[in-house]
Each structure stands twice: as C-alpha cells, then as structure tokens.
Amino acid sequence: MPEFSDFHELHERSHERLALQALALTGDPHAATAGVRDAFIAAGHHWKKVSRLADPEEWIRSRAWSMATRRHLAHPWHRDDQVNPEQSAVLRGLQQLRDNQRRVLLLHHLAGQSSSDISAELGLTHTQAAQTLQDAIDAYTRALQIPSDQVLQSLHKLQPLVDLSHTPDADQLIRKGARRRVTALVLGCVGTVALVLGAGFFVSSGHVAPVSDSATDSQPVTQAMMLTEKQLSTFPPAQPWTITSTNDNTSGTGINSTCQGARFADPDGVGTLVRKFDSPGVQPRSLVETIEISDNPARAREAYETTRGWFTGCELARLQLTQAWQVNGLGEQADLIAFRVLSEPARNLMVGVVRSGSVTVSTVMDAEAGTPIDPQASANLLNEALGRLCKSTAAKAKCSYQSDLVAAIPPPSGEPEGSLSAVDLPPVANISAPWMGSDLLAGEPNVASTPCDNTSFVAAGATDARTRSYLIPQAGLPARFGVTETFARLPNQAKARKAINTVFNKMAACEKDILGTKVTQAKVQRKAGPNSEYGLWRVESQINNQQETIQWWMGITRVGSSLAQVNFAPVGINDIDQAIFTALVERARDRLRELEPTAPNATADGNSGASPSPAASQSPKK
C-alpha cells in the first residue's frame with residue numbers, strides 16, 4: 061500500500077515514545093497505549109489530510125494525549141503492581157503538577173518542543189510558556205529532590221511500564237482506519253440517499269443529482285454552511301465585516317481564539333471548518349466561527365463539553381468570567397458566556413457554544429471594551445450559525461429558530477464542584493500574571509475565617525469541609541496576599557442557616573468584642589436568590605503596639621444546606637473595592653449550587669452572578 065509508506069515509518073519511529081509521553085501525562089499505562097493506538101487509527105482514517113501537515117507526529121501526539129486522558133478519567137493515576145519505588149516517585153512528582161505544567165514539562169523534555177512550539181500548541185504567550193515550564197521544572201525537581209539536568213533521565217524510568225506487546229502493528233491500524241472510512245462512507249451515503257429520495261430527486265447509475273450548498277461525506281462541512289459578512293453586518297452596533305480566512309484548521313498552530321486549548325475539540329471528528337471575521341469599525345471586533353462534526357452524537361457531546369471547558373477553565377491573566385446564560389430552544393445544548401479581559405487594551409469576549417446531533421458550533425466574539433457585546437444578538441447569531449448546517453447529512457443537525465436567553469450559573473470550570481475557579485477571580489491592580497489555585501485541603505481549621513468569627517464548618521456539623529487558596533505566584537507579593545475559600549455541605553438547611561446567622565451576629569459585635577479591630581464596610585444580603593443569602597465585611601485589625609494594621613475582605617454565603625466563606629487579603633495598592641468583592645462572593649454562591657442536587661442551573665432571581673464592573677452602594681460603617 062504505497063500511500064501508507066510514510067505511515068509505517070512514522071508509526072515505527074514514534075509510537076513507543078508517544079506511549080511514554082501519554083503514560084507520563086496520565087499515570088495510566090493502559091490508557092496510554094490505548095490512546096496512542098486510537099490516535100494512529102485516526103491518523104490512518106485521515107491520512108491524506110494528516111500526511112500533508114508540516115508535523116504529522118504533532119497531530120497524532122495531540123490526539124494520543126487527548127484520548128489517553130479521556131480513557132484514564134474513570135481511574136485517575138492508575139496503580140500498577142509492577143511499579144517500582146523510583147517509578148512511583150516519578151509518577152507522584154508528575155501528579156503534583158497542574159495539568160498545564162505537566163503538559164509543558166513533557167512537551168519540552170519528551171517531545172523536544174521549543175518554548176515557541178509549546179506556546180503555539182497550548183495557546184500560551186511565549187512568556188507564559190517559559191514561566192510555566194520553569195514552574196513545572198522547579199516543582200518536579202523539588203518533589204523528586206533531583207537537579208534540573210536529571211529531569212529527562214527520571215522520566216525515562218517510566219519506559220519499562222509501557223507494554224506494547226499487545227498493540228496492533230501498522231498494517232492492522234491501517235485496516236482499522238480503512239474500516240472506519242468505509243463505515244463513515246456507508247452512513248453518509250445512506251443519509252444522502254434518504255435525503256434525496258425524500259426530496260423526490262432522481263437517482264440513476266449510482267449518481268445523485270447535486271443539491272445546492274449540500275455536503276458530501278468526504279466534505280461534510282462546506283463554506284456555504286458558515287456565517288456570512290451580511291449576517292454579521294446587522295450585529296449591534298451595525299458596521300461592516302470582512303471574512304479574513306476559512307480553512308479546515310490543519311495548518312498553523314490550530315489555535316484561533318483566546319483560551320482555545322487544542323486544535324480540535326474532537327480529535328477524531330469527520331470534518332472541521334474555521335472562519336475568521338474582522339470588523340475594524342467604530343468598535344473594533346473580531347469573530348471566530350468553528351464547526352466540528354463528530355462520528356456520532358455521543359462524541360459531539362464530548363466535543364461540546366471540551367469546547368465550553370476551554371473557556372470556563374481558562375487561566376489567562378486578567379481574564380474573568382462575568383456572566384452566563386442558557387440558550388433555550390437552540391439545538392440540544394447551548395450556552396452563552398461573557399468574559400472581560402483587563403489587558404491593554406481592555407476587551408470583552410462573548411463565547412457561544414451549541415450542539416445539535418453530531419455537530420458542535422462555537423462563536424467567539426472579541427471586542428475592545430466600550431459598548432458591551434449584546435447577549436441576545438449573540439444568541440441570535442449562534443442560532444443562525446446552527447441553522448446553516450441543516451443541509452449537512454453528516455451533521456444531522458436540527459434547525460431551530462428560537463434563542464431564548466435565561467441567566468444561569470456559570471458552567472463547570474473543571475475545578476472541584478462547589479469551589480471557585482481562577483476564571484472567577486478578579487484582576488487586581490496592574491498585576492499581569494494569572495491566578496492559580498491550590499489543591500483541596502481539609503477545611504479545618506478554616507483559614508478563610510477571621511478573628512471576629514472563627515467559623516468552623518466542622519463544628520457546625522459538616523463532614524466534608526474543604527479549603528482552597530488562590531495566589532498569583534508570579535506577582536512577587538508577600539505570602540499573605542491572595543484569596544482563600546472554605547466550603548462544605550451541612551446535614552440540613554436548618555444547621556446551615558444557624559451557622560451563617562452566627563457569623564452575621566459575630567461580625568456585628570466584632571468591634572466591641574475584639575479590641576483593635578474595626579469593621580469599616582459591611583453588607584448583609586438576605587434572600588439573594590432561591591434559598592440563598594450572603595454577607596460581606598471589610599475588617600481592619602491592629603497587629604502590634606506600633607498600631608500597624610492589616611486589612612482583609614471576608615464574605616460568607618449559603619445555598620440550601622451548603623456554605624462557602626471567602627477571604628481576600630490585599631497588600632498595599634493590590635486591593636479590590638466592595639463592588640468587586642461582592643461579585644466574588646456572589647460567584648462563590650453560584651458555585652455552591654453545584655453541590656445542591658436540586659438547585660436549578662438557571663437562577664430564579666435572573667442573576668448568574670453580578671458583573672464586577674458596576675459600582676455598588678457602600679453600606680454605612682457598623
């Protein structure tokens with residue numbers, strides 16, 4: 061099979077090291093080998109496209125890592141009796157790294173990628189890639205107590221765990237990929253024939269009369285199915301748009317918008333098109349529309365979750381999720397999410413994601429700060445984008461002409477349920493580095509409490525109290541700077557209400573009970589939503605005889621039987637105002653709804669969390 065001669069060569073020289081990389085990424089030998097196998101099958105399926113890429117191995121590696129990660133989720137950090145103490149230490153050291161740190165470390169040491177290549181592959185700036193790599197090396201070498209020049213040597217100690225004895229050879233992988241192409245072709249033909257017969261077209265001699273703007277199985281997505289300049293021209297404020305590119309995203313970095321995590325949300329999809337628009341008018345804006353068609357609706361659901369997760373789990377510096385909506389009546393799943401980026405210049409992002417059948421469509425509008433991006437117009441645009449796919453038999457998309465917006469709690473961020481995420485935290489002063497969250501720790505003692513309240517969720521009856529801290533390591537600030545959150549579910553609502561009332565009462569009496577302590581600002585909000593409430597305070601405390609003081613914000617919120625306490629400790633000018641801290645407490649409230657099994661996604665009070673930008677009224681000093 062001459063067309064696969066390079067495939068054989070690529071498989072021979074790369075499959076073993078790709079399996080090692082996937083193992084180091086997941087800690088699971090079985091998931092690693094299966095992920096590499098499936099990635100090579102996908103490469104065989106799409107070989108004509110893959111073989112034309114500048115680096116086919118990068119295409120396969122991305123999919124192998126994605127598939128291995130997906131496979132090991134049910135059994136994270138798989139334990140193997142054959143692991144020796146040295147290998148176990150390496151796996152523990154890798155496990156302690158954040159996901160992005162682990163990926164950067166492996167790309168550099170095992171895949172031989174430069175900082176420039178890494179930044180392109182992961183959608184990071186050069187500075188972010190370099191810093192993440194250094195942080196990863198520092199954390200990994202500390203964990204193993206080895207010098208930095210021994211990182212590669214230590215990683216290769218995992219090689220004996222890679223068992224390729226039962227994996228298919230290149231010819232078997234080719235046959236599997238060929239069967240996949242045949243299956244896809246048959247399904248596509250069946251769908252096409254059904255469509256043609258239903259429309260009354262004449263079929264003769266194995267040829268189907270062409271249908272205007274339709275797609276074939278070999279080209280399930282066509283340019284005719286994408287948004288047009290005319291459709292965008294009416295988007296408020298109305299101004300001209302220009303298409304700058306349309307392609308299948310197999311060239312270049314594959315990263316087309318802020319926070320995009322990989323080239324494809326479905327690495328084994330059957331078709332992709334990306335279209336970019338630009339509008340340099342009164343309010344400069346750009347738009348990226350991406351269409352991905354999967355083999356089946358189940359894979360499309362995964363692609364939808366992946367696409368949405370790129371944004372809701374984004375750790376870009378000075379980016380914050382401000383509001384979220386469900387788009388009812390549009391496809392089978394649809395979300396709209398607003399972000400702000402306080403960089404120079406400040407920007408607003410509006411991300412729309414919709415799935416119908418086997419198709420996932422996303423729109424990402426990026427606009428200079430000024431006139432807010434209209435959410436209803438964004439929902440209508442997402443509707444139009446989905447509607448243009450109705451002619452694709454491969455997509456099997458259902459047309460919809462509804463786009464009813466309902467304010468909702470933010471979609472899952474990928475962080476532990478109930479906890480804040482980096483994307484929830486506000487930019488502070490002029491700090492241009494990202495927030496980073498710690499691992500979950502036991503919530504006793506409650507480090508988010510203050511001397512005024514000394515709240516203990518455990519004493520109140522919680523058995524699962526947990527704490528996380530959020531820092532900006534690259535800012536070089538004192539260790540006390542940052543955000544701390546403790547959250548828990550109590551046995552019932554009565555205990556939760558009693559606990560939060562106790563905090564309210566202690567904070568009201570704090571100035572009388574604790575000398576040298578002042579409560580300079582306070583806000584107690586009852587009935588802040590369906591079965592929820594919160595309060596927040598600015599506390600100033602004298603710490604020595606020289607009357608030096610420290611200040612912090614503290615807030616507590618309840619949803620049903622769940623509680624969260626949030627503490628922000630400023631340093632100097634690196635501070636936030638009451639409006640911004642209120643929004644943070646409200647977001648902690650929203651995240652608590654993830655712990656309440658009966659809590660609706662859409663908020664009954666029509667508020668998914670206050671935007672940090674509007675001014676808030678200041679309560680009088682207590």
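Heads up, the final residue of the sequence shown is numbered 682 in our numbering, and it's a clean run with no missing numbers.
Ideal Cβ placement from N, Cα and C applies to all residues, glycine included.
Keep in mind that this is a model prediction, so the values were computed, not measured.
Cβ-based neighbour list, residue i, same chain, cut-off 6 Å, excluding 5 preceding and 5 following
{"i": "residue 350", "result": "334, 422"}
{"i": "residue 570", "result": "512, 577, 579"}
{"i": "residue 360", "result": "354, 415, 418, 420"}
{"i": "residue 412", "result": "396, 423, 438, 442"}
{"i": "residue 556", "result": "550, 618, 621, 623"}
{"i": "residue 348", "result": "316, 317, 336, 424"}
{"i": "residue 173", "result": "167"}
{"i": "residue 287", "result": "349, 445"}
{"i": "residue 366", "result": "325"}
{"i": "residue 510", "result": "599, 614"}
Cut-off 7 Å between Cβ atoms - residues of its own chain near residue i, not counting five sequence neighbours on either side
{"i": "residue 293", "result": "300, 301"}
{"i": "residue 166", "result": "81, 84, 85"}
{"i": "residue 111", "result": "66"}
Through-space distance from residue j to residue i, alpha-carbon basis
{"i": "residue 168", "j": "residue 199", "result": "15 Å"}
{"i": "residue 75", "j": "residue 290", "result": "47 Å"}
{"i": "residue 176", "j": "residue 321", "result": "16 Å"}
{"i": "residue 204", "j": "residue 591", "result": "48 Å"}
{"i": "residue 560", "j": "residue 153", "result": "39 Å"}
{"i": "residue 475", "j": "residue 481", "result": "6 Å"}
{"i": "residue 532", "j": "residue 539", "result": "10 Å"}
{"i": "residue 68", "j": "residue 206", "result": "38 Å"}
{"i": "residue 236", "j": "residue 220", "result": "Low confidence applies here, because residue 236 scores a pLDDT of 48, under 50, leaving its location unreliable; read the following figure in that light. Roughly 27 Å between the two C-alpha positions."}
{"i": "residue 83", "j": "residue 654", "result": "31 Å"}
{"i": "residue 50", "j": "residue 182", "result": "Residue 50 lies beyond the residue range present for the chain, which begins at 61 and ends at 682; the question has no answer from this structure."}
{"i": "residue 358", "j": "residue 105", "result": "19 Å"}
{"i": "residue 642", "j": "residue 596", "result": "7 Å"}
{"i": "residue 304", "j": "residue 338", "result": "7 Å"}
{"i": "residue 119", "j": "residue 344", "result": "34 Å"}
{"i": "residue 587", "j": "residue 625", "result": "17 Å"}
{"i": "residue 197", "j": "residue 210", "result": "10 Å"}
{"i": "residue 657", "j": "residue 216", "result": "45 Å"}
{"i": "residue 648", "j": "residue 594", "result": "10 Å"}
{"i": "residue 516", "j": "residue 471", "result": "29 Å"}
{"i": "residue 363", "j": "residue 519", "result": "43 Å"}
{"i": "residue 77", "j": "residue 178", "result": "18 Å"}
{"i": "residue 683", "j": "residue 491", "result": "Only positions 61 to 682 of the chain appear in this structure, which leaves residue 683 out of reach."}
{"i": "residue 501", "j": "residue 195", "result": "21 Å"}
{"i": "residue 379", "j": "residue 370", "result": "13 Å"}
{"i": "residue 404", "j": "residue 115", "result": "34 Å"}
Closest by C-alpha distance to residue i, when choosing among the options
{"i": "residue 437", "options": "600, 385, 362, 591", "result": "385"}
{"i": "residue 497", "options": "106, 542, 562, 470", "result": "542"}
{"i": "residue 488", "options": "387, 111, 471, 631", "result": "631"}
{"i": "residue 535", "options": "223, 566, 403, 494", "result": "494"}
{"i": "residue 449", "options": "647, 283, 122", "result": "283"}
{"i": "residue 122", "options": "171, 281, 593", "result": "171"}
{"i": "residue 469", "options": "506, 650, 366, 479", "result": "650"}
{"i": "residue 145", "options": "218, 107, 187", "result": "218"}
{"i": "residue 582", "options": "575, 566, 573", "result": "566"}
{"i": "residue 117", "options": "70, 156, 403", "result": "70"}
{"i": "residue 328", "options": "554, 211, 310", "result": "310"}
{"i": "residue 201", "options": "151, 601, 184", "result": "151"}
{"i": "residue 530", "options": "399, 72, 434, 375", "result": "375"}
Neighbourhood of residue i by C-beta distance below 8 Å, restricted to the same chain and skipping five residues each side
{"i": "residue 356", "result": "418"}
{"i": "residue 223", "result": "89, 93"}
{"i": "residue 307", "result": "333, 334"}
If you pair each beta-carbon of the region 121 to 129 with each one of the region 90 to 104, do three or more pairs fall below 8 Å? yes
Quick one: which unbroken beta strand (DSSP E) runs of 3-plus residues sit fully inside the region 587 to 662? Chain order, please. 592 to 602, 609 to 619, 622 to 629
Given 8 Å as the limit, is there contact between the region 427 to 442 and the region 305 to 324, that is, 3 or more CB pairs closer than that? no
May I ask you to verify whether the region 516 to 525 touches the region 635 to 650, counting CB pairs closer than 8 Å and requiring at least 3? no
Counting pairs of Cβ atoms below 8 Å between the region 154 to 166 and the region 98 to 107, do you hit three or more? Taking a contact to require three or more Cβ pairs closer than 8 Å, the region 154 to 166 and the region 98 to 107 do not qualify as touching.
Say whether the region 505 to 524 touches the region 547 to 563, bearing in mind that this needs 3 or more beta-carbon pairs closer than 8 Å, one atom from each stretch. yes
Ranges of the beta strand (DSSP E) found wholly within the region 352 to 418, counting only runs of at least 3: For the region 352 to 418, whole beta strand (DSSP E) runs of length 3 or above, ordered along the chain, are 379 to 388, 393 to 401, 407 to 416.
Can you give, in chain order, each stretch of the beta strand (DSSP E) that sits fully within the region 499 to 535 and has at least 3 residues? 526 to 531
Hey, which unbroken runs of the alpha helix (DSSP H) at 4 residues or more fall wholly within the region 265 to 351? 289 to 293
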